[in-house]
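The opening position of the sequence shown corresponds to residue 1 in the UniProt record's numbering, with each subsequent residue numbered one higher.
Idealized CB from N, CA, C, for every residue including glycine.
In what follows, a structure is listed as structure tokens, so that the remarks can point back to it.
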Amino acid sequence: MLKRYEGKGFWKRPTTYKPGEQLTEKQISEIEEFLDVELPQPYISLMKEQNGGELYYRYVLFNDGEAALIPYFQELDLETGVGLSSIFSEQFGLPSRQILLTGDMHTWITLDYRFSNTPRVCYFTELENGRWVEEVIAETFEDFLWKLFSKE
């Protein structure tokens, strides 16, 4: 049975992915300045609740009816997690202005700031030739949240 995310119980508890330290407003401002973006408020709210970790609603539904597993969200931190987005994007040849929410080096879910200050949520899959296939999951982070579900 599928259970859709309805605004509560986002994080899996307990989690095997160790969350980062509790966020302060100052840290959030520093991270946004470092990344040169304004993060979506619903994302910030979730990260204030728990700074990264496994998702309870760990599957996302694409517009074509396919689904992908989201094992965790990386923590908001300058030296780890999303703070490494530009380094990983460059290293793996991803487009610029991506904030990496989660990934395994072959697939990534990102906040895509290339076209707007309000990021889309994108899914990147690596092909054998090293190129990336990109699919827009949602036009906003909030729309992305409503596409999440768990399998019960």
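Query, Result
"Looking only at C-alpha atoms, which of T80, D64, I28 sits nearest to M47?", "I28"
"Going by the CB atoms, is the gap between C122 and I99 shorter than 8 Å?", "no"
"On the criterion of 16 or more Cβ atoms from any shown chain inside 10 Å, does D36 qualify as buried, or is it exposed?", "exposed"
"DSSP three-state call for G83: helix, strand or coil?", "helix"
"Indicate the three-state DSSP secondary structure (helix, strand or coil) for K26 in the structure shown.", "helix"
"In the UniProt domain \"Knr4/Smi1-like\" (22 to 147), which residue ranges form an unbroken beta strand (DSSP E) of at least 3 residues, counting only runs that do not cross its ends?", "59 to 61, 67 to 69, 98 to 103, 107 to 112, 120 to 126, 132 to 138"
"Taking the straight line between their C-alpha atoms, what separation do you get for E90 and R97?", "10 Å"
"Quick check on S116: buried or exposed, where buried means 16 or more other Cβ atoms within 10 Å of its Cβ?", "exposed"
"Could you give the first and the last residue of the continuous beta strand (DSSP E) run that contains R4?", "2 to 4"
"Quick one: grab the DSSP three-state call for F10.", "coil"
"Excluding five sequence neighbours on each side, which residues of the same chain lie with their C-beta closer than 8 Å to the C-beta of G130?", "G93"
"Ordered along the chain, which non-local residues of its own chain (more than five positions away) have a Cβ less than 7 Å from that of L23?", "M47, K48, N51, L76"
"Report the option in T16, P19, K18, Q41 whose CA atom is closest to the CA atom of D143.", "Q41"
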